[in-house]
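Visitor:
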Amino acid sequence: MKLQKAVESGDLIFVEAEDFPLRGDWAKMQSTDSSGGAYLQFNGKNHYKSVDEKHTITQEITIPQAGSYTVKWCMRQPSDAEGDKSNDIWICFADAIQKGKGKEITGFHKYYGRSKQTFGFNGSIEMGHEHSWLSVKFPKPGVYEMQISGRSELLQVDRFLLFKNMSADDARELAEIRR
Ligand SMILES: [Ca+2]
Numbered sequence: 764m765k766l767q768k769a770v771e772s773g774d775l776i777f778v779e780a781e782d783f784p785l786r787g788d789w790a791k792m793q794s795t796d797s798s799g800g801a802y803l804q805f806n807g808k809n810h811y812k813s814v815d816e817k818h819t820i821t822q823e824i825t826i827p828q829a830g831s832y833t834v835k836w837c838m839r840q841p842s843d844a845e846g847d848k849s850n851d852i853w854i855c856f857a858d859a860i861q862k863g864k865g866k867e868i869t870g871f872h873k874y875y876g877r878s879k880q881t882f883g884f885n886g887s888i889e890m891g892h893e894h895s896w897l898s899v900k901f902p903k904p905g906v907y908e909m910q911i912s913g914r915s916e917l918l919q920v921d922r923f924l925l926f927k928n929m930s931a932d933d934a935r936e937l938a939e940i941r942r
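Residue numbers for the sequence shown follow the numbering used here, so the first one is 764 and each next one is one higher.
(1) Can you list, in chain order, the residues of its chain whose CB lies under 7 Å from that of Ala-829, leaving out five sequence neighbours each side?
(2) Helix, strand or coil, according to DSSP, for Leu-785 in the structure here?
(3) Opposite Lys-900 in the DSSP bridges: which residues?
(4) Rounded to the nearest angstrom, how far is the Cβ of Gln-1013 from that of Gln-804, given a contact under 8 Å?
(5) Any heavy atom of ligand 1 within a distance shorter than 7 Å of the CB on Ser-798?
(6) I need the straight-line Cα distance from Glu-873 to Asp-796, nearest angstrom please.
(7) Arg-922: beta carbon under 7 Å from a heavy atom of ligand 1?
(8) Tell me, please, which residues DSSP counts as bridged to Asn-885.
(9) Can we say the stretch 907-926 touches the stretch 766-780, given the rule of at least three CB pairs closer than 8 Å?
(10) Strictly by DSSP, which residues pair up with Glu-823?
(11) Between the alpha carbons of Asp-815 and Gly-807, how many angstroms are there, rounded?
(12) Taking its Cβ as the centre, do 16 or more other Cβ atoms sit within 10 Å of Arg-942, making it buried, or is it exposed?
(13) Determine the closest residue to Asp-933 out of Ile-820, Met-792, Thr-833 and Thr-821, with distance taken between C-alpha atoms.
(14) So Gln-880 is in the alpha helix (DSSP H); what residue range does that whole segment cover?
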């Protein structure tokens, strides 16, 4: 019931990665161990330096209430990847207010996590040499654009979670209930 309440109140929003329209070297993979039965995999080369428009995909998300949300994801690295390889994307919420370390930031940022074997709940941005959770403020209810772009090869994204009025541990717990 707690999960249903969080979703209905708009405090918790799930965005399945496989619902993004495919573009560039992103591929949809079917898998029973992922939420919604599928995930996205980036089959392109590494794009560590800058965002490549060819691999940028945009999804419209509906935000029921104004507010500031923390952005986490469930991701997985291929099992034979080195520890910090195949673990990141570029992310941008162009028409909302993005914040890292409490400061307003703009454009795309590196967004990363670490998890092997299973899809792990995590997600931070790197701004220069600083690391931070990503927070996004939506000034009013409505439809906003969420963009991701390929950064490291073979990275797997199951879904994103946007949440407010709860801790990350609460969000992780609710995410585990809704596989
Ligand atoms: Ca999924």
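Heads up, the beta-carbon is just placed ideally off N, CA and C, and yes, glycines get one too.
If you're wondering where the values come from, they're calculated on a predicted model, not measured in any experiment.
Guide: Reading off the structure:
(1) Within the same chain, Ala-829 has close Cβ partners Phe-901, Pro-902, Lys-903 and Pro-904.
(2) coil
(3) Beta-bridge pairing links Lys-900 to Ser-831 and Ile-860.
(4) Lying before the first or after the last residue shown, residue 1013 is absent from the chain, which here runs from 764 to 942.
(5) yes
(6) A small fix is needed here, since residue 873 is Lys in this sequence, not Glu. For Lys-873 and Asp-796, the distance between alpha carbons rounds to 26 Å.
(7) Flag set: Cβ of Arg-922 near ligand 1.
(8) Trp-836
(9) yes
(10) Glu-908
(11) 11 Å
(12) exposed
(13) Thr-833
(14) Looking at the DSSP string, Gln-880 is not in any alpha helix (DSSP H), and its letter there is neither H nor E.
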